[in-house]
Amino acid sequence: MKQPGFAEAYAALEDEYAALGELLRARQAAGMTQTDVAQSMGVAQSSVARLESSLGSRKHAPSVATLRRYADAVGCDLHLTLTPKHGRPRKRA
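Take 73 as the starting number for the sequence shown in my numbering and just add one per residue.
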């Protein structure tokens, strides 16, 4: 039986889980460990572990600069995309 509010709580973290998945897939595709990424970023391995583990918990909100450094360390580019929400008209200036 699902606990009340589980679906809502998961939906609220959907973007964070997606971002976490992207980080892990990129690191694994690069064949790198957290230690490898940390060395490339010039930080401690614990910083990379905290970044990867805390995205889904909302305990840590990494800056775009940090995400860019991580992406660079694993041989990727970082792209952020804003998309209009369905059913919400866009206001014109």
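Cβ atoms here follow ideal geometry from the backbone N, Cα and C, with glycine treated the same way.
- Annotation for A102: no alpha helix (DSSP H) segment contains it, and DSSP assigns it neither H nor E.
- The alpha helix (DSSP H) runs of length 4 or more contained entirely in the region 105–159 are, from start to end of the chain, 106–113, 117–126 and 136–145.
- Assigned with DSSP and collapsed to three states, L95 falls in helix.
- Exposed is the label assigned to A79, since fewer than 16 other Cβ atoms lie within 10 Å of its Cβ.
- For the pair T138 and L150, the Cα-to-Cα distance works out to about 10 Å.
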